[in-house]
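Worksheet: one structure, shown below.
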Amino acid sequence: MSEKKHELLLFNAAVLIAALTFLFGIFDSPKNNPLEAAAISMTVTEASSVPHGKVNINTADMDGLMQLEEIGEKKASAIIEYREENGRFRKPEEITNVSGIGEAILRKNIDRITV
């Protein structure tokens, strides 16, 4: 094969790979994938299903506590353990008494915490 034909073949292969990458990138987005879009929509709906957007830190279970920002399974478990050992929280700010929860987390969630 001549050098020109070889270069043309490589160029065409590169263009084809670029075009396929572009197309699959578009078709892989959630707006073009109904199943993935439904899953994302369901997650947003579930996250907003907390009544009035408030989480009662005295009564919420693990899932309820994890609706708060930066509260994962470990911190939610620590909140439950704290209230079992110390009783109910009297005010939202007392959540900072729980190990691993500081002022920054309180500030992010203060409007969503109730007792």
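Numbers given in this note's numbering equal positions in the sequence shown, counted from 1, plus 22. No residue lacks a Cβ here, since even glycine has one placed at the ideal position from N, Cα and C.
Beta carbon of residue i, beta carbon of residue j: below 8 Å?
i	j	result
T147	L128	Outside the displayed range of the chain (23 to 137) lies residue 147, so it cannot be described from this structure.
K27	E91	no
Using a Cβ-Cβ cutoff of less than 7 Å, which residues in the same chain neighbour residue i once the five nearest sequence positions on both sides are dropped?
i	result
K97	G122, I123
R112	V137
To the nearest angstrom, how far is the alpha carbon of residue i from that of residue j?
i	j	result
D133	Y104	21 Å
A126	Q89	16 Å
E106	G75	24 Å
T65	P114	Residue placement at T65 is poorly supported in this model, since its pLDDT is 39, which falls under 50; the coordinates still yield a value, given next. If you take the alpha carbons of T65 and P114, they lie about 26 Å apart.
A61	A35	The pLDDT assigned to A61 is 46, lower than 50, so where the model puts this residue is not dependable; a value taken from the coordinates is nonetheless given after this. Using only the alpha carbons, I get a separation of about 36 Å.
So, for residue i: in the same chain, excluding its five sequence neighbours on each side, which residues have a beta-carbon less than 8 Å away from its beta-carbon?
i	result
L87	V77, I79, I93, K97, A98, I101, I102
Who are the Cβ neighbours of residue i in its own chain at under 6 Å, not counting the five residues just before and after it?
i	result
M84	A98
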